[in-house]
Amino acid sequence: MSAVSLQTRWAWRMVIAVLCIGLWELAFRIGLLNPIIFGAPSLVVKAAMSDGLLFLQAFRVTLVEIALAALIACIGGIVCGVLLGAVPIAAVTFTPILSAIIAVPLVILYPVLVVWFGIGPPSKVIYGAVIAFFPIALTTMLGVRAVDPSFAVMATAMGAPRWRVLVSVTVPLALPAVIAGLRIGLAFIIISVVQGEMVASYDGLGFWISYHRTIFNTGHVYLGIILTLILAVGLNEILSRLERRYSGWRVQTQPSL
Amino acid sequence: MRDEVRRVPEIIVSDAVSRSFGSFVAIDNVSLTVREGQFITIVGPSGCGKSTLLQILGGLVAPSSGEVLIDGEKLNGPRPDKIGMVFQEPLLLPWKTAAENVEFPLLLRHVSAKERRERSLALLDLVGLAASVGRYPHQLSGGMKQRVAIARGLVQHPRIVLMDEPFAALDEQTRSRMWGELLRIWERTHATILFVTHGLLEAIYLADTVLVMGTDPGRIIARIDVPLPRPRTYEMVGSAEAGRLRNQIWELVASGQ
Chain D
0 MSAVSLQTRW AWRMVIAVLC IGLWELAFRI GLLNPIIFGA PSLVVKAAMS
50 DGLLFLQAFR VTLVEIALAA LIACIGGIVC GVLLGAVPIA AVTFTPILSA
100 IIAVPLVILY PVLVVWFGIG PPSKVIYGAV IAFFPIALTT MLGVRAVDPS
150 FAVMATAMGA PRWRVLVSVT VPLALPAVIA GLRIGLAFII ISVVQGEMVA
200 SYDGLGFWIS YHRTIFNTGH VYLGIILTLI LAVGLNEILS RLERRYSGWR
250 VQTQPSL
Chain P
0 MRDEVRRVPE IIVSDAVSRS FGSFVAIDNV SLTVREGQFI TIVGPSGCGK
50 STLLQILGGL VAPSSGEVLI DGEKLNGPRP DKIGMVFQEP LLLPWKTAAE
100 NVEFPLLLRH VSAKERRERS LALLDLVGLA ASVGRYPHQL SGGMKQRVAI
150 ARGLVQHPRI VLMDEPFAAL DEQTRSRMWG ELLRIWERTH ATILFVTHGL
200 LEAIYLADTV LVMGTDPGRI IARIDVPLPR PRTYEMVGSA EAGRLRNQIW
250 ELVASGQ
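Protein chains in written order, with numbering that gives the first Met the number 0: chain D, 0 to 256; chain P, 0 to 256.
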């Protein structure tokens with residue numbers, strides 16, 4: 000780890016954040032920035048306080064959509080990835096298909112999903128889960144395939160049946176790759192859920208941002224943006240913790256993302 | 000002397016064992032008999048099937064024809080209760096401590112936690128790692144990792160230990176120290192050891208008998224008894240007798256390819 004302590008790093012981050020917010024507010028106060036276009040910290044606070052903390056409702060809706068999409072994509076992606084990785088023929092057959100699908104802009108599916116599942120949260124959950132499933136399954140499969148087969152030979156020689164080799168040796172060894180896949184997948188989920196809300200919905204942060212944009216509530220728009228950022232940072236933090244917990248045995252020479 | 004040797008039971012019998020991969024004959028008609036408690040080394044040029052032969056004797060690879068008898072019983076798969084294996088790489092599970100790695104084969108057989116710990120501590124003590132029980136693989140040197148792997152191979156008290164170039168990845172000094180360690184362990188455990196190596200002096204120093212393999216197809220071309228007295232000392236590596244044997248084996252290896 001680097002010589003700079005955790006406290007010092009956080010102190011610097013806070014200083015820079017406070018400085019940026021201060022400059023933003025200052026530029027608004029002295030009339031340098033047009034508040035209709037650039038908003039201001041005080042307008043964001045005012046927006047948060049209005050309508051009886053209505054923004055919490057939008058935040059909660061988006062959070063639940065992201066959580067459900069993540070749950071479905073993680074379970075589906077990891078299970079499929081492990082099975083594909085464990086069966087060589089399946090891996091050879093499906094790798095090109097999986098990587099091709101990742102290149103497809105799956106946003107083309109979204110209108111269809113809205114027709115199938117309605118304009119409410121279910122279409123966002125399904126959309127996010129579908130988008131995240133493919134990178135998670137692909138990286139998991141590649142991770143499982145990249146594990147040195149000597150480990151499996153060792154475990155077999157020690158008396159492990161095939162399923163046990165997979166569960167106790169191969170999958171744990173592939174965990175760093177799996178978590179890297181989750182990182183990509185979860186980023187995709189945030190993007191697609193918020194985008195989905197912007198395109199067609201009646202609630203959530205994406206809807207909040209696009210609705211208030213149309214009526215020039217700039218403070219509300221920036222509040223929505225900040226809340227989305229908080230969601231993304233929070234999810235990233237959870238992943239970093241997972242990474243430290245489950246791939247900490249990799250030699251730690253780089254700062255975690 | 001001769002009659003005494005005859006009374007020791009035959010623990011490994013390989014009867015006309017062959018193994019092909021497609022049209023490539025890796026092992027051709029290998030018959031050998033190993034008596035209990037012997038230390039046998041196997042040398043030969045790269046690609047002569049030494050490792051394949053060891054994997055067949057370990058039940059990891061099935062012979063295409065012929066059969067292997069362990070203790071008079073036909074071998075049909077891994078027998079971790081009777082055969083311990085040590086590989087070229089330590090293949091330690093990076094998220095487990097030294098002790099937990101040694102306990103892995105016992106965990107697979109549902110041995111109680113208490114007994115597992117007792118046995119792993121005893122084995123780590125035997126390989127001289129009593130002080131490193133709680134360390135993780137990335138905290139151990141190459142030689143220490145290979146000692147943990149040896150302890151893991153011995154933890155089920157196997158009567159046979161198969162070693163596939165276990166010291167090949169170590170530096171010269173560590174390797175020669177490991178020779179002494181291994182002979183000491185061999186005398187303590189009374190195990191039968193089959194040891195594959197590239198090193199001719201290593202093969203001579205350790206073995207009662209050196210088996211020389213030829214390549215394409217892989218087969219045994221000579222069986223050379225080592226008349227050096229026991230216990231072996233490091234000075235014997237430089238003795239005239241060892242030099243003569245090395246030249247003899249070198250000629251055989253060179254002619255066998």
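From the three backbone atoms N, C-alpha and C, an ideal C-beta is built for every residue, glycine too.
{"Query": "May I ask you to list the residues that DSSP assigns as paired with P/Val29?", "Result": "P/Val16"}
{"Query": "So with CB distances below 8 Å, who are the chain P contacts of D/Arg244?", "Result": "Within 8 Å Cβ-Cβ: nothing; D/Arg244 doesn't reach chain P, min ~10 Å."}
{"Query": "Output needed for D/Leu83: all residues of its chain with C-beta closer than 6 Å, excluding positions within five of it in sequence on either side, in chain order.", "Result": "Ala89, Ala90, Phe93 and Met140"}
{"Query": "DSSP beta-bridge partners for P/Leu68?", "Result": "P/Val12 and P/Lys73"}
{"Query": "Please list the residues of the stretch 152-163 of chain D that have a C-beta atom closer than 9 Å to any C-beta atom in chain P, keeping them in chain order.", "Result": "Val152, Met153, Ala154, Thr155, Ala156, Met157, Gly158, Ala159, Pro160 and Arg163"}
{"Query": "Look at the alpha carbon of D/Phe54 and the alpha carbon of P/Lys95, and state the distance between them as a whole number of angstroms.", "Result": "46 Å"}
{"Query": "Report the residue from P/Gly213, P/Ser119, P/Glu201 and P/Leu92 whose alpha carbon sits nearest the alpha carbon of P/Met235.", "Result": "P/Glu201"}
{"Query": "At the 8 Å Cβ level, is D/Pro87 part of the contact set with chain P, yes or no?", "Result": "no"}
{"Query": "Using 8 Å as the limit for Cβ to Cβ distance, is D/Ser122 near chain P?", "Result": "no"}
{"Query": "Identify which residue in D/Arg161, D/Gly203 and D/Val44 has its Cα closest to the Cα of D/Ala85.", "Result": "D/Arg161"}
{"Query": "Would you report the Cα separation of D/Trp11 and D/Val164, rounded to the nearest angstrom?", "Result": "46 Å"}
{"Query": "Using only alpha-carbon positions, find the residue among D/Ala68, D/Ala136, D/Phe132 and D/Leu62 that is nearest to D/Ser122.", "Result": "D/Ala68"}
{"Query": "If P/Leu193 sits next to P/Leu227, beta carbons under 8 Å apart, how far is it from one beta carbon to the other, in whole angstroms?", "Result": "Actually they are not in contact, since the Cβ atoms of P/Leu193 and P/Leu227 sit about 19 Å apart, beyond 8 Å."}
{"Query": "Okay, do the stretch 85-105 of chain P and the stretch 146-159 of chain D touch, 3+ Cβ pairs below 8 Å being the bar?", "Result": "yes"}
{"Query": "So which residues on chain D does P/Pro104 lean against when the C-beta distance must stay under 8 Å?", "Result": "Met157 and Gly158"}
{"Query": "May I have a chain-ordered list of the alpha helix (DSSP H) segments no shorter than 4 residues that lie completely inside the stretch 182-254 of chain P?", "Result": "199-205 and 239-254"}
{"Query": "Mind checking which residues open and close the alpha helix (DSSP H) that includes D/Val170?", "Result": "Val170 to Val198"}
{"Query": "What are the residues of the stretch 162-192 of chain D that lie near chain P, defined by any Cβ-Cβ distance shorter than 9 Å?", "Result": "Arg163, Ser167, Val168, Pro171, Leu172 and Leu174"}
{"Query": "Check whether chain P comes within 8 Å of D/Phe93, counting only Cβ atoms and requiring the distance to be less than that.", "Result": "no"}
{"Query": "Could you compute how far the alpha carbon of D/Ser246 sits from the alpha carbon of P/Asp80?", "Result": "32 Å"}
{"Query": "For D/Tyr109, I'd like the list of residues in its chain whose CB is within less than 7 Å of its CB, leaving aside the five on either flank, ordered along the chain.", "Result": "Tyr126, Gly195 and Val198"}
{"Query": "Taking D/Val17 as part of the beta strand (DSSP E), name the residues at either end of that continuous run.", "Result": "That residue, D/Val17, is in no beta strand (DSSP E); its alpha helix (DSSP H) goes Leu5 to Arg28."}
{"Query": "Looking at D/Ile35: is its Cβ nearer than 8 Å to the Cβ of D/Leu230?", "Result": "no"}
{"Query": "Note down the Cα distance separating P/Gln123 from P/Ile184, rounded to an integer number of angstroms.", "Result": "Correcting the residue type first, residue 123 of chain P is Leu in the shown sequence and not Gln. The alpha-carbon atoms of P/Leu123 and P/Ile184 are separated by roughly 11 Å."}
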